[in-house]
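Written out below as structure tokens is the structure these notes cover.
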Amino acid sequence: MFLCGSGLAPAERDELGALGARITGWLRPVIPEEIAAELVIPLDVVRVRRDEPAAETLAAAQYAEALAGRPVGAVIEARIAINRDEVDWLDRRFMPTPTELARLVREIGSAGEAARIRIAALLSAAEDPPPPTAEERERRAAAAERALRRAVPHDTEPEHGSA
Numbered sequence: 050m051f052l053c054g055s056g057l058a059p060a061e062r063d064e065l066g067a068l069g070a071r072i073t074g075w076l077r078p079v080i081p082e083e084i085a086a087e088l089v090i091p092l093d094v095v096r097v098r099r100d101e102p103a104a105e106t107l108a109a110a111q112y113a114e115a116l117a118g119r120p121v122g123a124v125i126e127a128r129i130a131i132n133r134d135e136v137d138w139l140d141r142r143f144m145p146t147p148t149e150l151a152r153l154v155r156e157i158g159s160a161g162e163a164a165r166i167r168i169a170a171l172l173s174a175a176e177d178p179p180p181p182t183a184e185e186r187e188r189r190a191a192a193a194e195r196a197l198r199r200a201v202p203h204d205t206e207p208e209h210g211s212a
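Residue numbers (the working numbering): 50 to 212.
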């Protein structure tokens, strides 16, 4: 909840909403054709003997299985990170295995999901109401006094100082 007067301005709300929509698209599950187009072909991860098409098909299927359903944006960012040599734990002497790619895509995808959750929380957060004005406090006090008078019987006087 935002403190009174510190909530999101309409322009901020619109900007966060647009960013949330882009992240939701980024988190869309990748389809096999995209795995081939975005990762397998550009990285040439299927480095088997070209005269063995069955082995190449099997290797491509392993990458597709490892990455199926992962966020498409994370798959693309994983390719970029590998090409820029930004993955410290990846042994660059070899092409990444399906398991390594799945790990990297999962790490990147987790950050995207966390961002989506934070944006959704900001957009759904309410703002505290402003404090009551002096006039409103007087009205509330008068209403409370009237309710108290109705609750106390009229024919009895409260006892004062009896000991």
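All C-beta atoms in this analysis are idealised placements derived from N, C-alpha and C, irrespective of residue type, glycine included.
Where does residue i sit, in a helix, a strand or coil, going by DSSP?
{"i": "P147", "result": "helix"}
{"i": "E135", "result": "coil"}
{"i": "L68", "result": "helix"}
{"i": "V95", "result": "For V95, the predicted structure reports a pLDDT of 48, less than 50, and the residue's modelled location is therefore unreliable. The matter cannot be settled from this model."}
{"i": "E187", "result": "helix"}
Quick check on the DSSP output: the alpha helix (DSSP H) that includes residue i runs from which residue to which?
{"i": "A58", "result": "Run containing A58: none; DSSP gives neither H nor E here."}
{"i": "E82", "result": "P81 to I84"}
{"i": "L76", "result": "Segment: none, L76 is in no alpha helix (DSSP H) and carries neither H nor E."}
Do residue i and residue j have their C-beta atoms within less than 8 Å of each other?
{"i": "L172", "j": "G69", "result": "yes"}
{"i": "R128", "j": "P78", "result": "no"}
{"i": "A130", "j": "L116", "result": "no"}
{"i": "L76", "j": "R165", "result": "yes"}
{"i": "V124", "j": "I84", "result": "yes"}
{"i": "I168", "j": "L65", "result": "yes"}
{"i": "D134", "j": "R142", "result": "no"}
Using 7 Å as the cut-off, classify the Cβ of residue i as near or not near the heavy atoms of the ligand NAD, replying yes or no.
{"i": "L68", "result": "You won't find the ligand NAD in this model; it holds no ligand whatsoever."}
Counting C-beta neighbours from all protein chains within 10 Å, is the total for residue i 16 or more, i.e. buried, or is it exposed?
{"i": "W138", "result": "exposed"}
{"i": "V95", "result": "Because the pLDDT at V95 is just 48, under 50, the model does not fix this residue reliably, and the value given afterwards should be weighed accordingly. Classification for V95: buried."}
{"i": "P145", "result": "buried"}
{"i": "L150", "result": "buried"}
{"i": "A170", "result": "exposed"}
{"i": "A109", "result": "buried"}
From this set, the options, which residue's C-alpha is nearest residue i's C-alpha?
{"i": "A160", "options": "A58, R199, A175 and E126", "result": "E126"}
{"i": "A223", "options": "A196, T73 and Y112", "result": "Because the chain spans 50 through 212 in this model, residue 223 falls outside it and cannot be assessed."}
{"i": "I80", "options": "P178, A169 and V121", "result": "V121"}
{"i": "E162", "options": "R71, E61 and A60", "result": "R71"}
{"i": "R62", "options": "N132, A175 and R199", "result": "A175"}
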